[in-house]
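> One structure, pasted below without further comment.
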Amino acid sequence: MKRLVIVESPTKTKTISKYLPEGYEVDSSMGHIRDLPSSAKLVPAKYKKESWSSLGINPDDRYFAIYVTPPDKKKIVKRLKDKLKGVDELILATDEDREGEAISWHLLKVLKPKVPVKRMVFREITKEAVQSALDNTRDIDMNLVYAQETRRILDRLAGYTVSPLLWKKIAPGLSAGRVQSVAVGFIVQRERERMKFRKGTYYDLQAMIQKEGDNSQFKADLTYVGSKRVASGKDFDENTGRIKKPGSVVLLDEEGADALVNQLKKADWRVSKLEVKVQKRNPAPPFITSTLQQEANRKFGFSARDTMSIAQKLYEKGFITYMRTDSTRLSSQAIEAAREGISDQYGKEYLFEQVRNYTSKGKSAQEAHEAIRPSGSRFVMPEHSGLDDRELKLYDLIWKRTIATQMAEAKLEFTNVSIEAASADATASFRSSGKKILFPGFFRAYVEGSDDPDAALENQEQFLPSLKEGDRTELQDLAFSEHETKPPARYTEATLVKELEKSGVGRPSTYAAIISTIQDRGYTKKESKALVPSFTAFAVTALLEKHFPDLVDSDFTSNLEDKLDEVANGKQDPVAYLDDYYKGVNGLKTKVDSQEDEIDPQKARLLDLPLVDLEGINVAIGRFGPYAKMQKDGEDITTSLPLDMDPSDLTASKLEELIQRSTEEDKPVGIDQDTGLPVFVLSGRYGPYVQLGELTEENKKPKRVSLLKGMSPEEVDISLALRLLALPRMLGEHPEDGKVIKAGVGRYGPYIVHDGSFKSLTKDDNVLTVELDRAVELLSQKSARRSSSELYDLGNFPDTDNPIKIMNGRYGPYIKYGKKNIGLPKGKQPEDITIEQAIELINAKK
Numbered sequence: 005m006k007r008l009v010i011v012e013s014p015t016k017t018k019t020i021s022k023y024l025p026e027g028y029e030v031d032s033s034m035g036h037i038r039d040l041p042s043s044a045k046l047v048p049a050k051y052k053k054e055s056w057s058s059l060g061i062n063p064d065d066r067y068f069a070i071y072v073t074p075p076d077k078k079k080i081v082k083r084l085k086d087k088l089k090g091v092d093e094l095i096l097a098t099d100e101d102r103e104g105e106a107i108s109w110h111l112l113k114v115l116k117p118k119v120p121v122k123r124m125v126f127r128e129i130t131k132e133a134v135q136s137a138l139d140n141t142r143d144i145d146m147n148l149v150y151a152q153e154t155r156r157i158l159d160r161l162a163g164y165t166v167s168p169l170l171w172k173k174i175a176p177g178l179s180a181g182r183v184q185s186v187a188v189g190f191i192v193q194r195e196r197e198r199m200k201f202r203k204g205t206y207y208d209l210q211a212m213i214q215k216e217g218d219n220s221q222f223k224a225d226l227t228y229v230g231s232k233r234v235a236s237g238k239d240f241d242e243n244t245g246r247i248k249k250p251g252s253v254v255l256l257d258e259e260g261a262d263a264l265v266n267q268l269k270k271a272d273w274r275v276s277k278l279e280v281k282v283q284k285r286n287p288a289p290p291f292i293t294s295t296l297q298q299e300a301n302r303k304f305g306f307s308a309r310d311t312m313s314i315a316q317k318l319y320e321k322g323f324i325t326y327m328r329t330d331s332t333r334l335s336s337q338a339i340e341a342a343r344e345g346i347s348d349q350y351g352k353e354y355l356f357e358q359v360r361n362y363t364s365k366g367k368s369a370q371e372a373h374e375a376i377r378p379s380g381s382r383f384v385m386p387e388h389s390g391l392d393d394r395e396l397k398l399y400d401l402i403w404k405r406t407i408a409t410q411m412a413e414a415k416l417e418f419t420n421v422s423i424e425a426a427s428a429d430a431t432a433s434f435r436s437s438g439k440k441i442l443f444p445g446f447f448r449a450y451v452e453g454s455d456d457p458d459a460a461l462e463n464q465e466q467f468l469p470s471l472k473e474g475d476r477t478e479l480q481d482l483a484f485s486e487h488e489t490k491p492p493a494r495y496t497e498a499t500l501v502k503e504l505e506k507s508g509v510g511r512p513s514t515y516a517a518i519i520s521t522i523q524d525r526g527y528t529k530k531e532s533k534a535l536v537p538s539f540t541a542f543a544v545t546a547l548l549e550k551h552f553p554d555l556v557d558s559d560f561t562s563n564l565e566d567k568l569d570e571v572a573n574g575k576q577d578p579v580a581y582l583d584d585y586y587k588g589v590n591g592l593k594t595k596v597d598s599q600e601d602e603i604d605p606q607k608a609r610l611l612d613l614p615l616v617d618l619e620g621i622n623v624a625i626g627r628f629g630p631y632a633k634m635q636k637d638g639e640d641i642t643t644s645l646p647l648d649m650d651p652s653d654l655t656a657s658k659l660e661e662l663i664q665r666s667t668e669e670d671k672p673v674g675i676d677q678d679t680g681l682p683v684f685v686l687s688g689r690y691g692p693y694v695q696l697g698e699l700t701e702e703n704k705k706p707k708r709v710s711l712l713k714g715m716s717p718e719e720v721d722i723s724l725a726l727r728l729l730a731l732p733r734m735l736g737e738h739p740e741d742g743k744v745i746k747a748g749v750g751r752y753g754p755y756i757v758h759d760g761s762f763k764s765l766t767k768d769d770n771v772l773t774v775e776l777d778r779a780v781e782l783l784s785q786k787s788a789r790r791s792s793s794e795l796y797d798l799g800n801f802p803d804t805d806n807p808i809k810i811m812n813g814r815y816g817p818y819i820k821y822g823k824k825n826i827g828l829p830k831g832k833q834p835e836d837i838t839i840e841q842a843i844e845l846i847n848a849k850k
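Dropping the structure here:
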C-alpha cells in the first residue's frame with residue numbers, strides 16, 4: 005500500500021522521512037497553496053465585474069472568499085496531483101495550529117483526492133512522536149479552519165477598507181491593519197511621552213565605609229537627611245521636571261550636597277539597623293512563543309522574525325517541539341527527560357524534590373499543547389547537537405530554560421544595613437545591601453538575561469562584612485554626584501512583544517509578523533535595539549485615534565482576539581462576528597463611509613507633536629515625505645526634513661536652520677574648471693549633497709552626489725566637492741574578466757559595481773580612496789547565486805499587497821512587480837529609483 009504524506013517544508017520532509025516505514029513518500033506544499041488574490045489580475049474572470057472583486061470577499065454572501073493559487077505555486081500543485089495518482093492513501097501532516105489546519109483544508113480542496121484522507125499531527129519530529137501520530141490520525145478540525153479563515157478575512161477587511169482612505173488623506177502606499185495599527189499606536193504614544201518629558205536634576209551622596217577593626221570596605225547610599233527621605237528620580241513629575249510633593253522629600257542641589265558632605269565628614273558613624281532575610285527563588289516557566297522572542301532579543305539581540313526563523317529550522321530538524329504555542333505545559337516525557345538531564349549534568353542535589361508542573365495563565369492557551377522544549381525522551385546536550393552559530397545559541401537557551409524548570413530553588417540571603425551618621429551640624433541615614441547565594445539551585449543552568457550562568461552567579465553576589473546593630477564604622481570617603489531623570493524608555497522588540505501579550509493584542513504566532521510589518525512599511529525603524537516611530541506613524545495614528553479609535557484601541561482588538569478564539573472552539577458563529585465588525589452600527593465600513601468626507605487631508609497631514617518651542621512652525625506629511633512650514637515676511641516657506649531625522653530630534657533651532665538654509669541665496673563653493681559651472685553644497689530630502697551647475701529650465705537635472713556619512717556641509721570645499729562629483733570613479737579592471745569596477749555613492753550609501761552587480765562598501769571603506777584590490781576582495785565575498793537577489797524593497801503598489809522591488813539579476817538591476825520585470829531607464833542607478841518612478845514605469849508597461 006502506497007501513501008503520500010504532505011508537510012509544509014522540504015526540511016521537514018527530510019526529517020520525517022527518516023521515521024516513516026516503507027511505502028510512505030513525503031513531499032511538501034511549501035506553505036499555503038491558496039490565498040485571497042493579491043492583485044486584481046489574479047481575480048478569476050467570472051468575478052472581475054463584481055463590485056467586491058478587488059476585496060476578494062463578498063460581504064453580502066456570508067463573506068464568500070475567492071481563493072486562488074498564486075502563479076509560483078502552480079508547479080507544486082501539479083507535482084502533488086501527479087504523485088497522488090499513484091497512491092492508495094493521502095496523509096496531511098501540516099502543523100497543528102490554525103495555519104497548518106487551513107493549509108491541509110486548502111490542499112484537500114485543490115487536490116480533490118479520490119483516495120482515503122487522514123490528518124496526522126505531531127508537535128515534535130521524533131521517531132516516537134511520528135509513530136504515535138500515525139497511530140492516532142483524525143479528520144480536519146473545521147473549527148480551526150474557520151478561525152484561520154475568519155482572521156484572514158478580518159485582516160483583509162481592515163487593510164483594504166482603511167488603507168485606501170490613508171492614501172487619499174495622507175500619502176500613497178500607506179497601510180492600516182487590525183493589529184499593526186495598535187502596535188504602532190503603542191510606539192507613538194511612548195514617543196509622545198518622551199517628547200513631553202522634562203528632565204529633573206538631583207544630587208545624592210555615596211559613602212565608602214569600613215567596619216572598625218576590619219579592612220573590608222563597602223558602599224552605602226544616602227537615604228534620609230534628618231527625618232526626611234532624600235529625593236530620587238521617582239519623586240519627579242515627568243511633564244514638568246519638578247518634585248511632585250515638594251514638602252515630603254529633601255531635594256539636594258550641588259551647593260546643599262557639598263555642604264552636607266563637609267558636615268558629615270566629622271560625624272559619628274554607627275550601624276542603626278540590620279535586617280537579614282533568606283529567600284527562595286523559583287525558576288521561570290518553560291518558553292512559550294512570546295517569552296522565547298523576548299529572551300532571545302535580550303540575550304542575543306535577535307529580532308522576533310529571526311527568532312521564529314531559527315526556531316522553525318530547529319523544529320524541522322527535530323531538535324525542539326513546535327515553536328508557536330502559548331502553553332507552558334510540559335509532558336510527563338519532557339519532565340522525565342529534564343530530571344534525568346539534571347541528575348547527569350549537575351547531580352541529584354540539584355533536582356527539585358517533586359515534579360514541578362506549570363499551567364498557562366493566558367485566556368487563549370491550549371493546555372493540550374506543550375511549551376517549547378528540546379524534543380524527544382532524552383534531550384540532546386547542546387554541545388553534542390552538531391548545531392552551530394545562531395541555531396546553537398537558541399537551542400542552548402531552550403535547553404537551559406527547560407532543564408531549569410525541574411531544578412531546585414535558589415536560596416539567597418539578603419542583608420540590609422542602615423547606618424546613621426550624626427554630627428553637631430547634621431544627621432543622615434545611609435543604606436547598604438548585601439546578597440549572598442546560599443545554594444544556586446537552578447541558577448547553575450539558567451539566569452534570565454544572561455547567556456553565561458556561572459558569570460551571572462558571580463555578578464549577583466554582593467558581600468558585606470559581619471555587622472551588628474551598634475557597631476561603629478569608619479568613613480573612608482564621602483562624595484556627592486549629580487543625576488538627571490530619564491524619559492520613558494522606547495520599546496524594543498522584546499518589550500513590545502511583552503506589551504502586546506499583556507494587552508491581549510495579537511497572538512504569539514503573529515508577533516514576529518507584526519513587528520516585521522511595521523518596520524517594513526516605514527512606521528518605525530530600529531536605532532540600536534529601540535523602535536523609533538516615523539513622522540508618518542504620528543500622522544496615521546492621529547487620524548485613526550480621531551476618526552477610527554477602535555483600530556488603535558488595545559481593549560477592542562483584544563476582544564476581537566477573544567472572539568476569534570471562540571470561533572476556533574466552535575462557540576462563535578464566524579459570519580455573525582464578521583457582520584458585527586464590518587457592517588454593524590459601529591462597524592468599520594459603516595464608519596469609513598460616514599466619515600471619509602469629513603476628514604480634511606490638509607489637517608490629517610499636519611502633525612501635532614508635543615514638542616516645545618515649535619510655535620509658528622508646522623510639520624506635515626507630503627507625498628514625498630515630511631516637511632516643515634512657517635511664515636516669513638508674510639510668505640509661506642517650506643523645507644523638506646532629512647529622511648534620517650526622527651520626530652523627537654526636532655527643535656525650533658534645527659527647523660529654523662533648515663528653513664533659513666532653504667531661503668538663503670545659494671552661493672557656490674567654487675567653479676568646476678572643466679565645465680565652467682558653479683559647484684554648490686545644498687540640503688534636500690535625503691540630506692546634504694553637492695550639485696554641479698544651477699537648476700534651470702535648460703538644466704532640469706544637474707548632477708548631484710550625496711555627502712558621505714559623517715561629512716558636514718561646512719567642511720566641503722571646492723576640492724572635496726569635485727572629488728564627490730567625480731563619482732562613480734573607475735578603480736580598474738577585474739582580473740578575472742577584464743570588466744570595469746567602479747566606486748560610487750547612491751541614496752543608500754557608498755557602493756562598488758562590477759558588470760551590473762552592486763556591493764555596498766563597509767563602514768571602514770572610503771569610496772574616495774578604496775582601491776581595486778579591496779573592491780575585488782569585497783566582490784568575492786558575495787555569495788554565488790544563480791537566481792536574482794533583492795537590492796531594495798521600495799514598498800507596495802497602491803491598492804495591492806504586491807511589493808515593488810529592485811533586483812540584481814544576471815543582466816543587471818531591474819524592477820520586479822509580480823511577474824513583471826522592468827529594466828531601469830538608461831543612466832539610472834538602483835539607488836536613484838524612487839517608488840513613484842517605479843510605479844510610473846510599471847503603469848507604462850500595462
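Residue numbers for the sequence shown, in this note's numbering: 5 to 850. Note that CB positions come from ideal geometry on N, CA and C, so glycine has one too.
1) For residue 552 versus residue 595, is the C-beta spacing smaller than 7 Å?
2) Quick check: what's the CA-CA separation for residue 414 versus residue 446?
3) Compute the distance between the beta-carbons of residue 708 and residue 772, then report whether it is under 7 Å.
4) Taking only three categories from DSSP, how would you classify residue 273?
5) Whose CA, out of 799, 801, 795, lies closest to the CA of residue 813?
6) Quick one: what's got a C-beta closer than 6 Å to residue 787's C-beta in the same chain, skipping five residues either side?
7) Might you give, ordered along the chain, the residues of its own chain that have their beta carbon closer than 6 Å to the beta carbon of residue 391, omitting 5 neighbours on each side?
8) In chain order, which continuous runs of the alpha helix (DSSP H) of length 4 or greater are located wholly inside the region 742-826?
9) Comparing C-alpha positions only, which one of 114, 24, 697, 64 sits nearest to residue 72?
10) Hey, how far is the Cα of residue 3 from the Cα of residue 418?
11) Out of curiosity, what's the CA-to-CA distance linking residue 863 and residue 363?
12) In terms of residue numbering, what span does the alpha helix (DSSP H) encompassing residue 636 cover?
13) Please classify residue 402 as buried or exposed, where buried requires at least 16 neighbouring CB atoms within 10 angstroms.
14) Which of the three DSSP states, helix, strand or coil, is assigned to residue 487?
15) In the DSSP assignment, find the beta strand (DSSP E) that holds residue 427 and state where it starts and stops.
16) Rounded to whole angstroms, what's the CA-CA distance from residue 494 to residue 45? Just pull it up for me.
17) What first and last residue would you give for the beta strand (DSSP E) that runs through residue 626?
18) Need the endpoints of the beta strand (DSSP E) that residue 640 sits in, please.
19) Under the rule that 16 or more other beta-carbon atoms within 10 Å means buried, what is residue 823, buried or exposed?
20) Less than 8 Å between the CB atoms is what I'm expecting for residue 412 and residue 355, so what's the real figure, rounded?
21) For residue 790, count neighbouring Cβ atoms within 10 angstroms of its own Cβ and tell me buried if that reaches 16, exposed if not.
22) So what's residue 509 in DSSP terms, helix, strand or just coil?
23) For residue 65, report the span of its beta strand (DSSP E) as first-last.
24) Please determine if the region 513-531 and the region 569-586 are in contact, where contact requires at least 3 C-beta pairs separated by less than 8 Å.
25) Quick one: residues in its chain with C-beta nearer than 6 Å to the C-beta of residue 695, no 5 flanking neighbours on either side, listed in chain order?
26) Taking 7 Å as the cut-off, decide whether the C-beta atoms of residue 91 and residue 24 are in contact.
27) With 16 other CB atoms within 10 Å as the buried threshold, where does residue 322 fall?
28) For residue 356, which of helix, strand or coil comes out of DSSP?
29) Would you kindly work out how many angstroms separate the C-alpha atoms of residue 109 and residue 149, rounded to a whole number?
30) The beta strand (DSSP E) with residue 707 in it runs from where to where?
31) Determine, using beta carbons only, whether residue 507 and residue 562 come nearer to each other than 7 Å.
32) Rounded to a whole number of angstroms, what is the C-alpha to C-alpha distance between residue 650 and residue 123?
33) What's the gap between the Cα of residue 370 and the Cα of residue 134?
34) Near residue 614, which residues of its chain fall below 6 Å by C-beta distance, leaving aside the five closest residues on each side in sequence?
35) Buried or exposed: where does residue 675 fall if 16 or more other Cβ atoms within 10 Å of its Cβ makes it buried?
36) Counting only the same chain and skipping the five closest in sequence on each side, list residues whose C-beta sits under 7 Å from that of residue 839.
Based on what the coordinates show:
1) Taking 7 Å as the Cβ cut-off, residue 552 and residue 595 qualify as a contacting pair.
2) Looking at the two C-alpha atoms, the distance is approximately 6 Å.
3) Not a contact, by the Cβ cut-off of 7 Å.
4) Correct three-state label for residue 273: strand.
5) Nearest in C-alpha terms to residue 813, of all of 799, 801, 795, is 795.
6) Confidence at residue 787 is low in this model, with a pLDDT of 45, below 50, so its placement is unreliable and the value that follows should be read with caution. So the list is empty, once near-sequence residues are dropped.
7) The answer, listed in chain order, is 399.
8) 776-785, all fully within the region 742-826.
9) Nearest option by C-alpha distance: 114.
10) Nothing in the structure corresponds to residue 3, since the chain is present only between 5 and 850.
11) Any property of residue 863 remains undetermined from this structure, which presents the chain solely from 5 to 850.
12) Counting along the chain, residue 636 falls outside any alpha helix (DSSP H), though it belongs to the beta strand (DSSP E) covering 629-636.
13) Residue 402 comes out buried.
14) Three-state result, residue 487: strand.
15) It is not in any beta strand (DSSP E) - residue 427 carries neither H nor E in the DSSP assignment.
16) About 42 Å.
17) Note, residue 626: beta strand (DSSP E), 621-626.
18) Run containing residue 640: 639-644, per the beta strand (DSSP E) assignment.
19) By the 10 Å Cβ count, residue 823 comes out exposed.
20) By a beta-carbon distance limit of 8 Å, residue 412 contacts residue 355. Their separation comes to about 6 Å.
21) Note that residue 790 scores 39 on pLDDT, short of 50, meaning its location in the model is unreliable; the coordinates nonetheless yield the value given after this. Burial call: exposed.
22) In the displayed model, residue 509 falls within coil according to three-state DSSP, outside both helix and strand.
23) No beta strand (DSSP E) holds residue 65; DSSP gives it neither H nor E.
24) With the rule of 3 Cβ pairs closer than 8 Å, the region 513-531 does not count as touching the region 569-586.
25) Counting only Cβ-Cβ distances below 6 Å, and skipping sequence neighbours, we find 684, 686, 706, 708.
26) It is not a contact, given that the beta carbons lie outside the stated cut-off.
27) A buried status is given to residue 322, since no fewer than 16 other beta-carbon atoms sit within 10 Å of its beta-carbon.
28) Of the three classes helix, strand and coil, the one that applies to residue 356 here is coil, per DSSP.
29) Spanning the two alpha carbons is a distance of roughly 7 Å.
30) Counting along the chain, the beta strand (DSSP E) containing residue 707 begins and ends at 707-710.
31) Against a cut-off of 7 Å, the Cβ pair of residue 562 and residue 507 comes out as a contact.
32) Computed Cα separation, rounded: 51 Å.
33) Per-residue confidence for residue 370 stands at a pLDDT of 45, beneath the threshold of 50, marking its modelled position as unreliable; no derived number is given.
34) Excluding residues up to 5 positions away in sequence, 196, 199, 200 lie with their Cβ nearer than 6 Å to the Cβ of residue 614 in the same chain.
35) By the neighbour-count definition (other C-beta atoms within 10 Å, threshold 16), residue 675 is an exposed residue.
36) Contacts found: 177, 798, 799, 808.
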